[in-house]
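*Asks:* Numbering (the numbering used here), first residue to last: 14 to 272. Just so it is clear, CB atoms sit at the ideal spot from N, CA and C, and this is done for glycine as well. Remember, predicted model here, so these are calculated numbers, not experimental data.
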Ligand SMILES: Nc1ncnc2c1ncn2[C@@H]1O[C@H](COP(=O)(O)OP(=O)(O)O)[C@@H](O)[C@H]1O
Ligand SMILES: [Mg+2]
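Set out below in structure tokens:
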């Protein structure tokens with residue numbers, strides 16, 4: 014049985030200025046099995062964040078259903094950890110307190126929080142930075158704090174919305190390697206939103222290619238590439254060509270268009 018099931022989901026947003034609703038998502042169906050790493054790939058505005066937010070429980074479908082672990086998603090829960098594009102850290106708290114923030118909310122004693130935080134600080138490679146403040150770290154390091162914070166609640170599912178969008182290429186590639194290691198170690202299930210084809214192919218066990226307006230799943234591709242993935246390999250490029258043809262059907266065959 015799949016861990017996440019999105020069935021016939023549509024989402025309309027009222028748009029008073031246009032006088033008719035925006036169809037952000039139309040009849041989306043997805044199943045994610047335990048331990049999968051699904052990348053949601055599509056152009057800006059195609060409804061990726063809307064879909065992720067519905068799995069997280071921040072938003073709800075206009076029609077259709079979203080189930081996680083056999084239950085209808087009604088609200089956010091500790092079974093789903095979310096990592097946003099900006100790490101959204103508390104600037105006045107040191108790294109370890111940011112990582113253990115949810116425990117503080119639950120009233121856990123300082124000693125417990127400090128101990129629990131350490132395991133995840135080590136896991137994301139921030140050992141030695143426990144007492145630094147977010148302003149003393151690079152963007153990539155802050156994102157690691159955000160990932161550690163999401164992992165600490167031991168969620169079944171990690172939901173990530175363009176978490177590396179603001180990082181330079183080199184740091185992004187390092188973070189990809191790190192995330193794959195964390196995904197394996199934590200045995201979690203990840204849904205990762207991106208608009209980058211290379212990023213989706215570097216990470217996913219599956220890539221769901223979405224189309225814009227209204228947002229739909231064009232194709233769900235299982236990615237059969239060895240890790241670490243080589244973005245210069247012929248097979249990587251075969252996948253890339255195929256995804257490009259789905260995203261830009263008019264550009265898939267330039268000769269035909271010229272004729
Ligand atoms: N709260 C909202 N109110 C009105 N329209 C929204 C809202 N959230 C998203 N939309 C619209 O839904 C569409 C999909 O948005 P979004 O899910 O943010 O796309 P993506 O994450 O793929 O860039 C866009 O056209 C956007 O303008
Ligand atoms: Mg988005």
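Can you tell which of 110, 174 and 124 has its C-alpha closest to the C-alpha of residue 161?
*Replies:* As a first step, residue 161 must be located in the chain shown, where it is residue number 148. Ranking the options by Cα distance to residue 161, first place goes to 110.
*Asks:* Rounded to whole angstroms, what's the CA-CA distance from residue 82 to residue 239? Just pull it up for me.
*Replies:* Sequence index remark: in the chain shown, residue 82 carries index 69 (1-based). Sequence index remark: in the chain shown, residue 239 carries index 226 (1-based). Roughly 29 Å separates the two Cα atoms.
*Asks:* Between the Cα of residue 209 and those of 237, 86 and 174, spot the shortest distance and give me the residue it belongs to.
*Replies:* As a working mapping, residue 209 is identified with position 196 in the chain shown. The shortest C-alpha separation from residue 209 is found at 174.
*Asks:* Thinking C-beta only, is residue 38 closer than 8 Å to residue 63?
*Replies:* Walking along the chain shown from the start, residue 63 turns up at place 50. Walking along the chain shown from the start, residue 38 turns up at place 25. For residue 63 and residue 38, yes; Cβs fall inside 8 Å.
*Asks:* Return the CA-CA distance between residue 282 and residue 101, expressed in angstroms with no decimal places.
*Replies:* Absent from the model: residue 282. The displayed extent of the chain is 14 to 272, so no value can be given.
*Asks:* Could you give the distance in angstroms between the alpha-carbon of residue 250 and the alpha-carbon of residue 257?
*Replies:* Taking the first residue of the chain shown as position 1, residue 250 is located at position 237. Taking the first residue of the chain shown as position 1, residue 257 is located at position 244. Between residue 250 and residue 257, the C-alpha separation is close to 10 Å.
*Asks:* Taking only the alpha-carbon atoms, compute the straight-line gap between residue 33 and residue 228 and give it to the nearest angstrom.
*Replies:* Here residue 33 is taken as the residue at index 20 of the chain shown, counted from 1. Here residue 228 is taken as the residue at index 215 of the chain shown, counted from 1. Roughly 17 Å between the two C-alpha positions.
*Asks:* Using only the heavy atoms of ligand 1, determine whether one of them is closer than 7 Å to the beta carbon of residue 63.
*Replies:* Here residue 63 is taken as the residue at index 50 of the chain shown, counted from 1. Answer for residue 63: yes, Cβ within range of ligand 1.
*Asks:* Roughly how many angstroms lie between the CA atoms of residue 71 and residue 143, to the nearest whole one?
*Replies:* As a first step, residue 71 must be located in the chain shown, where it is residue number 58. As a first step, residue 143 must be located in the chain shown, where it is residue number 130. Their Cα atoms are separated by approximately 30 Å.
*Asks:* So is residue 148 buried or exposed if we call it buried at 16+ other beta carbons inside 10 Å?
*Replies:* On the chain shown, position 135 is the one that residue 148 refers to. Label assigned to residue 148: exposed.
*Asks:* Using only alpha-carbon positions, find the residue among 84, 151 and 166 that is nearest to residue 119.
*Replies:* Start at 1 with the first residue of the chain shown, and residue 119 comes out as number 106. Measuring from the Cα of residue 119, the nearest candidate turns out to be 166.
*Asks:* Can you find the residues in the same chain that come closer than 8 Å, C-beta to C-beta, to residue 232, ignoring five residues on each side of it along the sequence?
*Replies:* Taking the chain shown and counting its residues from 1, one reaches residue 232 at position 219. Here the set comprises 221, 222 and 259.
*Asks:* Within 10 angstroms of its Cβ, does residue 217 collect 16 or more other Cβ (buried), or is it exposed?
*Replies:* As a working note, residue 217 is residue 204 in the chain shown. Buried is the call here.
*Asks:* For residue 59, I'd like the list of residues in its chain whose CB is within less than 6 Å of its CB, leaving aside the five on either flank, ordered along the chain.
*Replies:* On the chain shown, residue 59 is found 46 positions in, with the first residue counted as 1. Spatial neighbours of residue 59 in its own chain (CB-CB distance under 6 Å, excluding positions within 5 residues in sequence) are listed in chain order as 223, 225 and 228.
*Asks:* Just checking my contact of residue 158 with residue 139 at CB under 8 Å: how many whole Å lie between their CB atoms?
*Replies:* By 1-based counting over the chain shown, the position of residue 158 is 145. By 1-based counting over the chain shown, the position of residue 139 is 126. Going by Cβ atoms, the distance from residue 158 to residue 139 rounds to 7 Å, so yes, they are a contact pair.
*Asks:* Compute every distance between the C-beta of residue 19 and the non-hydrogen atoms of ligand 1, then say whether any falls below 7 Å.
*Replies:* Walking along the chain shown from the start, residue 19 turns up at place 6. No, ligand 1 has no heavy atom inside 7 Å of this Cβ.
*Asks:* Since residue 213 contacts residue 244 with CB under 8 Å, what's their CB separation in whole angstroms?
*Replies:* Counted from its first residue, the chain shown places residue 213 at position 200. Counted from its first residue, the chain shown places residue 244 at position 231. Not quite, the Cβ-Cβ distance comes to about 11 Å (not below 8 Å), so this is no contact.
*Asks:* For ligand 2, is there a heavy atom less than 7 Å away from the beta-carbon of residue 212?
*Replies:* Here the question's residue 212 lines up with position 199 in the chain shown. No, the beta carbon of residue 212 sits no closer than 7 Å to any heavy atom of ligand 2.
*Asks:* DSSP has residue 23 in a bridge; who is on the other side?
*Replies:* Within the chain shown, the letter at position 10 stands for residue 23. Note: residue 23 sits in a beta bridge opposite 76.
*Asks:* For the 8 Å Cβ check, are there 3 or more pairs between the region 45-61 and the region 190-203?
*Replies:* Counting Cβ pairs under 8 Å, three or more are found: they touch.
*Asks:* With a cut-off of 8 Å on the beta carbons, I'd call residue 76 and residue 42 a contact; round off their distance for me.
*Replies:* Taking the first residue of the chain shown as position 1, residue 76 is located at position 63. Taking the first residue of the chain shown as position 1, residue 42 is located at position 29. Actually they are not in contact, since the Cβ atoms of residue 76 and residue 42 sit about 13 Å apart, beyond 8 Å.
*Asks:* Cβ atoms of residue 176 and residue 108: under 8 Å apart, would you say?
*Replies:* Residue numbering aside, residue 108 sits at position 95 when the chain shown is read from its first letter. Residue numbering aside, residue 176 sits at position 163 when the chain shown is read from its first letter. Contact flag unset, no.
*Asks:* Indicate the three-state DSSP secondary structure (helix, strand or coil) for residue 97 in the structure shown.
*Replies:* One-based indexing of the chain shown puts residue 97 at position 84. It is coil, neither helix nor strand.
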